[in-house]
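J.: Sequence lines, in order, name chains A and D. Here this note's numbering is used: the first residue of the first sequence is 1, the next is one more, and so on. Here this note's numbering is used: the first residue of the second sequence is 1, the next is one more, and so on.
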Amino acid sequence: MSERVAVRKTYKLFIGGKFPRSESGRSYLVQSANVSLASRKDARDAVVAARAAVKGWAGATAYNRGQILYRVAEMLEGRREQFVALGLPADEVDAAIDRWVWYAGWSDKLSQVYGGANPVAGPYFNLSAPEPTGVVAAVAPEEPALLGLVSVIAPAIVSGNTVVVAASPVAPLAAVTLAEVLATSDLPGGVVNILTGRLAETVPTLAAHMDVNAIDLTGVADAELAADLEIRAAENLKRVLRPAPADHDWHADPGITRMTTLLETKTVWHPKGV
Amino acid sequence: MFEYAPAPESRSVVDLKPSYGLFVDGAFVDPASGGSFKSVNPASEEVLAEIAEAGEEDVDRAVRAARTAYEKVWGPMPGRDRAKYLFRIARIIQERSRELAVLESLDNGKPIKESRDVDLPLVAAHFFYYAGWADKLPHAGFGPDPKPLGVAAQVIPWNFPLLMLAWKIAPALAAGNTVVLKPAETTPLTALLFAEICQQADLPAGVVNIVTGAGDTGRALVEHPGVDKVAFTGSTEVGRAIARSVAGTRKKLTLELGGKAANIVFDDAPIDQAVEGIVNGIFFNQGHVCCAGSRLLVQESVADRVLESLKRRMAQLRVGDPLDKNTDVGAINSAAQLARIRELSDAGSAEGAERWSPPCELPERGFWFAPTIFTGVTQAHRIAREEIFGPVLSVLTFRTPAEAVEKANNTPYGLSAGIWTDKGSRILWLADRLRAGVVWANTFNKFDPTSPFGGYKESGYGREGGRHGLEGYLNV
Chain A
1 MSERVAVRKT YKLFIGGKFP RSESGRSYLV QSANVSLASR KDARDAVVAA
51 RAAVKGWAGA TAYNRGQILY RVAEMLEGRR EQFVALGLPA DEVDAAIDRW
101 VWYAGWSDKL SQVYGGANPV AGPYFNLSAP EPTGVVAAVA PEEPALLGLV
151 SVIAPAIVSG NTVVVAASPV APLAAVTLAE VLATSDLPGG VVNILTGRLA
201 ETVPTLAAHM DVNAIDLTGV ADAELAADLE IRAAENLKRV LRPAPADHDW
251 HADPGITRMT TLLETKTVWH PKGV
Chain D
1 MFEYAPAPES RSVVDLKPSY GLFVDGAFVD PASGGSFKSV NPASEEVLAE
51 IAEAGEEDVD RAVRAARTAY EKVWGPMPGR DRAKYLFRIA RIIQERSREL
101 AVLESLDNGK PIKESRDVDL PLVAAHFFYY AGWADKLPHA GFGPDPKPLG
151 VAAQVIPWNF PLLMLAWKIA PALAAGNTVV LKPAETTPLT ALLFAEICQQ
201 ADLPAGVVNI VTGAGDTGRA LVEHPGVDKV AFTGSTEVGR AIARSVAGTR
251 KKLTLELGGK AANIVFDDAP IDQAVEGIVN GIFFNQGHVC CAGSRLLVQE
301 SVADRVLESL KRRMAQLRVG DPLDKNTDVG AINSAAQLAR IRELSDAGSA
351 EGAERWSPPC ELPERGFWFA PTIFTGVTQA HRIAREEIFG PVLSVLTFRT
401 PAEAVEKANN TPYGLSAGIW TDKGSRILWL ADRLRAGVVW ANTFNKFDPT
451 SPFGGYKESG YGREGGRHGL EGYLNV
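Shown next as structure tokens:
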């Protein structure tokens, strides 16, 4: 008997709930796999998919979003060994799973923690509540490839935003494998879109895109590129999360700033009377 | 309209000096450059005072004074003591409110009835509100030990000079920052009187610094490498430039920018109340309000009735002397702003909208613009898209709630919106869908220090007021 010939996986982009190749037809080699090299057009297509998904995802109940994020954790747990086989440390994979669980619980607590009734000096009902800002473009850190990626995706989507994320260019296999997890977690298509390839190619397009509401520069290590992206983002006054410091501890409690920066606070007034 | 006898507020309560220096490190000083400009009363074009113009050297001196005060005095001071200074300032503002109100109306052109009954009470309330936070920051929801940022650079507009100062300075100081504030070049006087109030309160030198000047002074301030925080209220265009200038720095930024709010009137709304809300929405403060209800969206079935009532009501507005207690609409703040309002209004006529103003006698001297509405406005018209920042209302119609949402959100701005309907479920449905930071239902232009204010989209980011207002001044 000859040894069984393995079936290899094709690593593609994740846009609108589907796995297309780059429209440019290009790829680059990582860990013996040909990974799609996303183009500017792919970035724009991803924004279109993300925008189309906003209404349904932002309009879903917080309970529903929380259930889906928890489902992502369940699916990831089931594929734990697959990520370890890609070379990721087991404790990082575990932390990534736990991070989904942590954020899942936030979905129906954010409004109470970050909003509330305001005791105005007059006969008015006055309530402030957070809402998602819309489409978020994010840059995942190079390392840790999975925990870092989860740590930028989850805080963006838990409140109802949709996201286009540029995965770590040096470790894209974890990102595409995570996309397979997301695709089987009842997450509506377009809520998370993942681009692999060179940051310098796709991210400036996202930063300048007029239908993107916020940009998370967490993974941009090059200070000059980060400043350039922030300047581009000013054109439509995107909300900006600046790059994480090089010594950032990805295993620490993330706090709520990553979530709140991607939220809008809406305050509604109504008179009281009979 | 009834003839009213003139009822002017006396200006003798204000002690105007012929010239004012910069307020740096607790004292009034001459600018290094020696430059100056004039602040005029927009209702008469009378020169009120000569104001020092701060150059880069002056701004640098102010930032260094603020840094020293932050490191040596204000930063280490227990929150309890910072609170007491803020309470003191709030009290002095209440005690000197008449003087401040008259000075505000003189310098800005807004009716005394407004500066006295809206601006000044809110200014004092803001300092009271944030004073109480100074020693309670661990309870504000930003972690157990939130830290201040350092030196805050604050640039404010001319439409609510003292109120915008309060929105900026009160939360900054409560959180433990020190500030350098630049008031608008056309309305610096109440900020300079506020500097005197800081002296009267024995606020430590350098905690509050006021640098006067125009755009160049503001640019020098926000671009100064020694500031940790930039807070700006003003036009979206300048806000964009500031967002670019802080790119790649550590400076934390909050922006409160322009608006083009939809005020949506449904056919079941109480028409008289809605008309009061429409008038308040666009003619309050001469329409110099970033959250003004400048686009009236009225349901087609009641459009004629609403417009008829609105015109009748507009004919009762008294335009004139800002210091007269019966005045509803005061002077346009500057010649430049008047030119902008005229230019956009002319564009409205040229693009085919129908213009109407009540018969209205305007004073000969000063800067004036009659309350104006445009009907037959389409979404493509400039007057439906661009912020006019004057007493000019664009009227559009809609048929269904879904169409109202589409039209209301069809703007790059997202600061505020109004809803007028008797149906509660419709208010909540609509409020969920409007992309705006403040939604007033069956009311308009209400403000309170406990209530967060700020925009979506290109109306800026960050919130002022309430617990949310602290976040922009804390290292969280």
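All residues carry an ideal CB built from backbone N, CA and C; glycine is no exception.
#1: Determine the DSSP secondary structure at D:K423, reduced to helix, strand or coil.
#2: Take the Cβ of D:S301 as the centre, count every other Cβ of all protein chains shown within 10 Å, and call the residue buried at 16 or more, exposed below.
#3: So, with DSSP's three-state summary, where would you put D:V63?
#4: May I ask which residues mark the beginning and end of the alpha helix (DSSP H) holding A:E131?
#5: Among D:G472, D:L415, D:D448, which residue has its Cα nearest to the Cα of D:G460?
#6: Over what stretch of residues does the alpha helix (DSSP H) that includes D:K38 continue unbroken?
#7: Could you tell me which residues DSSP puts in a beta bridge with D:E464?
#8: What are the start and end residues of each continuous beta strand (DSSP E) run of 3 or more residues lying completely inside the segment 287-317 of chain D, in chain order?
#9: How long is the line joining the alpha carbons of A:Y70 and A:V191, rounded to whole angstroms?
#10: Is A:G78 helix, strand or coil by DSSP?
#11: Are the CB atoms of A:V165 and A:L195 within a distance shorter than 9 Å?
#12: According to the Cβ coordinates, are D:G206 and D:A303 closer than 9 Å?
#13: For D:V478 and chain A, any beta-carbon pair shorter than 9 Å?
#14: Can A:G115 and A:A129 be called in contact, C-beta distance under 9 Å?
#15: I'd like to know if A:T196 contacts chain D, where contact means its C-beta is closer than 9 Å to some C-beta of that chain.
#16: Mind checking if A:I215 is an interface residue toward chain D, Cβ cutoff 9 Å exclusive?
#17: Could you tell me whether the Cβ of D:G141 comes closer than 9 Å to any Cβ of chain A?
#18: Could you say which of D:G366, D:V395, D:R365 lies nearest to D:G376 if we only look at CA atoms?
#19: Could you tell me whether the segment 283-298 of chain D touches the segment 247-264 of chain D, using the rule of 3 or more Cβ pairs below 8 Å?
#20: Residues of chain A with CB under 9 Å from D:V279, in chain order?
#21: In terms of residues, what are the limits of the beta strand (DSSP E) holding D:I264?
#22: Taking A:E264 as the query, report the chain D residues whose CB atoms sit under 7 Å from its CB, ordered along the chain.
#23: Assuming D:P157 and D:G234 form a contact by the criterion Cβ under 8 Å, report the distance between their Cβ atoms to the nearest whole angstrom.
#24: Are three or more beta carbon pairs between the segment 37-48 of chain A and the segment 204-213 of chain A nearer than 8 Å?
#25: With 16 as the cutoff for other CB atoms within 10 Å, does D:W420 come out buried or exposed?
#26: Are there 16 or more other CB atoms within 10 angstroms of the CB of A:W269, so buried, or fewer, so exposed?
#27: Taking only runs of the alpha helix (DSSP H) that begin and end inside the segment 334-396 of chain D, which ones reach a length of at least 4 residues, in chain order?
#28: Give me the Cα-Cα distance between D:R82 and D:A174, rounded to the nearest whole angstrom.
#29: Along chain A, in chain order, which residues have C-beta atoms closer than 7 Å to that of D:S44?
#30: Pull up the CB-CB distance for D:T217 and D:A54, whole angstroms please, since I reckon it's below 8 Å.
#31: At what residues does the beta strand (DSSP E) containing A:R51 begin and finish?
#32: List, in chain order, every chain A residue whose beta-carbon is nearer than 8 Å to that of D:N442.
#33: Could you give the uninterrupted runs of the alpha helix (DSSP H) lying entirely in the segment 98-184 of chain A, keeping only those of 4 residues or more?
#34: Have a look at D:P18 and A:E264 and give me their C-alpha separation to the nearest angstrom.
#35: Note the first and the last residue of the continuous beta strand (DSSP E) segment covering A:P271.
#36: Going by the CB atoms, is the gap between A:S107 and A:E131 shorter than 9 Å?
T.: Checking against the coordinates, here is how it stands:
#1: In the structure shown, D:K423 sits in coil (DSSP, three-state: anything other than H, G, I, E or B).
#2: Per the 10 Å Cβ criterion, exposed.
#3: Note: D:V63 maps to helix in three-state DSSP.
#4: It is not in any alpha helix (DSSP H) - A:E131 instead sits in the beta strand (DSSP E) that spans 124-132.
#5: Taking only the C-alpha atoms, the option nearest D:G460 is D:L415.
#6: Run containing D:K38: none in the alpha helix (DSSP H); it sits in the beta strand (DSSP E), 36-40.
#7: Beta-bridge pairing links D:E464 to D:F453.
#8: Fully enclosed beta strand (DSSP E) runs of 3 or longer: 295-299.
#9: Looking at the two C-alpha atoms, the distance is approximately 15 Å.
#10: In this structure, A:G78 counts as helix in the three-state DSSP scheme.
#11: Going by C-beta atoms, A:L195 is nearer than 9 Å to A:V165.
#12: At least 9 Å separates the beta-carbon of D:G206 from that of D:A303.
#13: In the structure displayed, chain D extends from 1 to 476; residue 478 of chain D sits before or after that span and is not available.
#14: Yes. Within cutoff.
#15: No - not a single Cβ of chain D is within 9 Å of the one on A:T196.
#16: Any Cβ of chain D closer than 9 Å to the Cβ of A:I215 would place that residue at the interface, and such an atom is absent.
#17: Answer yes: the Cβ-Cβ gap between D:G141 and chain A drops below 9 Å somewhere.
#18: The option with the nearest alpha carbon to D:G376 is D:V395.
#19: Contact between the segment 283-298 of chain D and the segment 247-264 of chain D is present, with at least three C-beta pairs closer than 8 Å.
#20: Taking the beta carbon of D:V279 as reference, no residue of chain A falls within 9 Å; the closest one sits roughly 17 Å away.
#21: 262-265 is the extent of the beta strand (DSSP E) around D:I264.
#22: Contact of A:E264 with chain D by beta-carbon distance below 7 Å involves G437, Y456.
#23: About 5 Å separates the two Cβ atoms, so the contact holds.
#24: In short, these stretches touch, since the Cβ pair count reaches three.
#25: Its Cβ being crowded by 16 or more others within 10 Å, D:W420 is buried.
#26: By the 10 Å Cβ count, A:W269 comes out buried.
#27: Segments of the alpha helix (DSSP H) lying fully in the segment 334-396 of chain D: 335-350, 382-385.
#28: Straight through space, the alpha carbons of D:A174 and D:R82 are spaced by roughly 7 Å.
#29: The premise fails here: D:S44 is roughly 35 Å from chain A at the closest Cβ pair, so nothing lies under 7 Å.
#30: 5 Å between Cβ atoms; contact.
#31: Note, A:R51: premise wrong, no beta strand (DSSP E); alpha helix (DSSP H) at 40-59.
#32: Residues of chain A passing the Cβ test: H270, P271.
#33: Unbroken alpha helix (DSSP H) runs of no fewer than 4 residues, entirely contained in the segment 98-184 of chain A, are found at 110-114, 145-157, 172-183, following chain order.
#34: Distance between D:P18 and A:E264, taken at the CA atoms: about 45 Å.
#35: Counting along the chain, A:P271 sits inside the beta strand (DSSP E) bounded by residues 263-271.
#36: Not closer than 9 Å, so no.
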